[in-house]
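Visitor:
In this note's numbering, the protein residues as written are 58 to 464.
#1: Roughly how many angstroms separate the alpha carbons of residue 392 and residue 257, rounded to a whole number?
#2: Touch check for the stretch 239-254 and the stretch 295-302: three-plus C-beta pairs under 8 Å?
#3: When we look at the beta-carbon of residue 292 and count the other beta-carbons within 10 Å, is it buried (16 or more) or exposed?
#4: What number of angstroms, rounded off, separates the C-alpha of residue 176 from the C-alpha of residue 139?
#5: How many Å lie between residue 384 and residue 334 at the Cα?
#6: Evaluate residue 183 with the Cβ neighbour count: other Cβ atoms within 10 Å of its Cβ, from every protein chain shown; 16 or more gives buried, anything less gives exposed.
#7: Alpha carbon to alpha carbon, how far is residue 403 from residue 332?
#8: Is it a yes or a no for the stretch 345-360 touching the stretch 319-329, going by three-plus beta-carbon pairs under 8 Å?
#9: Can you give the Cα-Cα distance for residue 272 and residue 316, rounded to whole angstroms?
#10: Which same chain residues end up closer than 8 Å to residue 264 when comparing Cβ atoms and leaving out the 5 residues on each side of it in sequence?
#11: Assign residue 451 to one of three DSSP states: helix, strand, or coil.
#12: Using the beta-carbon count (16 or more within 10 Å), is residue 374 buried or exposed?
#13: Considering only residues of the same chain and omitting the five flanking positions on each side of residue 313, which have a CB-CB separation below 6 Å?
#14: Look at residue 445 and residue 390 and say whether their C-beta atoms are less than 8 Å apart.
#15: What three-state label does DSSP hand residue 16 in the structure shown?
#16: Please classify residue 342: does DSSP put it in a helix, a strand, or coil?
#17: Ignore the nearest five residues each way along the sequence and tell me which others in residue 309's own chain have a CB closer than 6 Å to its CB.
#18: Does the beta-carbon distance from residue 461 to residue 429 come in below 8 Å?
#19: For the stretch 421-440 against the stretch 363-378, are there 3 or more C-beta pairs whose distance is under 8 Å?
#20: By the three-class DSSP mapping on this structure, what secondary structure does residue 296 have?
#21: Kindly list the residues whose CB is nearer than 6 Å to the CB of residue 267, restricted to its own chain and excluding five residues on each side of it in sequence; keep chain order.
#22: Between residue 400 and residue 364, is the Cβ-Cβ spacing less than 8 Å?
#23: Per DSSP, which one or two residues make a beta bridge with residue 47?
#24: If you count every other CB in all the chains shown that lies within 10 Å of the CB of residue 219, and 16 or more means buried, which is it?
#25: In angstroms, rounded to a whole number, what distance separates the CA positions of residue 164 and residue 130?
#26: Can you tell me whether residue 245 is buried or exposed, with buried defined as 16 or more other CB within 10 angstroms of its CB?
#27: Taking the C-alpha atoms as reference points, what is the distance between residue 216 and residue 231?
#28: Would you identify the three-state DSSP class for residue 321, choosing helix, strand or coil?
#29: According to DSSP, is residue 110 helix, strand or coil?
#30: With a CB to CB cut of under 8 Å and the five nearest residues on each side skipped, what residues in its chain are close to residue 305?
#31: What is the residue span of the alpha helix (DSSP H) that residue 232 lies within?
#32: Taking all protein chains shown into account, decide if residue 127 is buried (16 or more other Cβ within 10 angstroms of its Cβ) or exposed.
#33: Skipping 5 residues on each side, what residues in its chain have a beta carbon closer than 8 Å to that of residue 38?
#34: Here's a check: name, in chain order, each residue in its chain whose Cβ is nearer than 7 Å to the Cβ of residue 406, leaving out the five neighbours to either side.
#35: Assign residue 337 to buried or exposed, taking buried as 16 or more other Cβ atoms, counted over all protein chains shown, within 10 Å of its Cβ.
#36: Just reading off the beta strand (DSSP E) that residue 279 is part of, what are its end residues?
What follows is the structure, given as structure tokens:
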């Protein structure tokens, strides 16, 4: 009988079709935890590469190939079981010799020997290998997708998405920079306002419209206001903000009667100078001359004769200094105008024995300068209650027990 490929089987070997069919041997079932056995792997060789076997060893070679296939299947099951869980494997028994007789009498070419991968031994104490994770898919940069030609609805959708994204990004930028832009606007407006105000002030200060045209002098009695105006004539035409106040002070300092002063400006063109004059309290004889002095002992005026209307002062030192002079000056300053005009002279040797001589010759024993206001009130009442022509002296050194001495 010829084979389909034209090769006649060797003599002495019966064809498989002529032999009565026998049941196939049952596959051995592995023991242990492997519930899904793997079928034996059968390796075949293309017909063009098949080489006829020797007639005397066909059955043996067929059995050897079956054993190799079973070993390869056994190795595959061992690797699979080692990955899942440690399990015991039982070697597969060789098929009986009768099963080999049921195979075709002719032998196929010997396939290449398959080398199964060795499985690492596993023990109960070894740790399980971590599960393999799928690799993260790579993302294609948007810059590479921009050059791809897209047509139709896909291109329009991509363009619309790009526009929406740009619009969203611009909105986010505006939202996050809104506060900074508001602060910048406020700062610019404030700076602009300050600059404008400075320009207006500078223009007003240096403008000829704000220059001095009129000088007013107030508070003068003994000093001539016209003389002060003439002395300050160099300030006319100067802007109000640039008036030389030091020059005004030098001019007023040359007048002994001026105790203090103040300078004010009244827009658009008026300069006001307020003067506080010194208050004379009496006249002190200085040799052949008489000095008009104020409470501080400053000489206001010097004349060859005593100035009328001021009392003649007498002190131990003969000058406007010392405790006696200061006590006398304080007493004269507290006298009311009605009494001040009647005092002809005042004398003191210490600060506690001030005495006044009235124009009618009566003497007032004043004592110290304390309680001068009360003493002045008591003296006025005593002079009103008595005849001044009949009184020689008034003692008000103790205002609660005043004494009147008659002539």
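Using N, Cα and C, we set each Cβ at its ideal position, and we do this for glycine too. Since the structure is predicted, the reported quantities are computational estimates derived from the model, not experimental observations.
Guide: So, to answer that:
#1: 54 Å
#2: no
#3: buried
#4: Bear in mind that the predicted position of residue 176 carries a pLDDT of just 44, short of 50, making it too unreliable to give a figure here.
#5: 22 Å
#6: Residue confidence is low: residue 183 scores 42 on pLDDT, short of 50, so the model does not pin down where it sits. Its coordinate-derived value is still stated next. When all chains shown are included, residue 183 counts as exposed.
#7: 29 Å
#8: no
#9: 20 Å
#10: 296
#11: strand
#12: exposed
#13: 357
#14: no
#15: With the chain covering only 58 through 464, there is no way to say anything about residue 16.
#16: strand
#17: 315 and 318
#18: no
#19: no
#20: strand
#21: 261, 296, 297 and 325
#22: no
#23: For the chain, the structure presents residues 58 to 464; residue 47 sits outside this window and is missing.
#24: exposed
#25: Caution applies to residue 164, whose pLDDT of 39 falls short of 50 and renders its modelled position unreliable; the value that the coordinates give is listed next. Computed Cα separation, rounded: 21 Å.
#26: exposed
#27: 23 Å
#28: strand
#29: At residue 110, the pLDDT of 47 sits below 50, so the modelled position is not reliable and the matter cannot be decided from this model.
#30: 289, 292, 318, 320 and 330
#31: 210-233
#32: buried
#33: Residue 38 lies beyond the range of the chain shown here (58 to 464); nothing can be said about it.
#34: 373 and 381
#35: buried
#36: Residue 279 -> no beta strand (DSSP E), and no H or E assigned at all.
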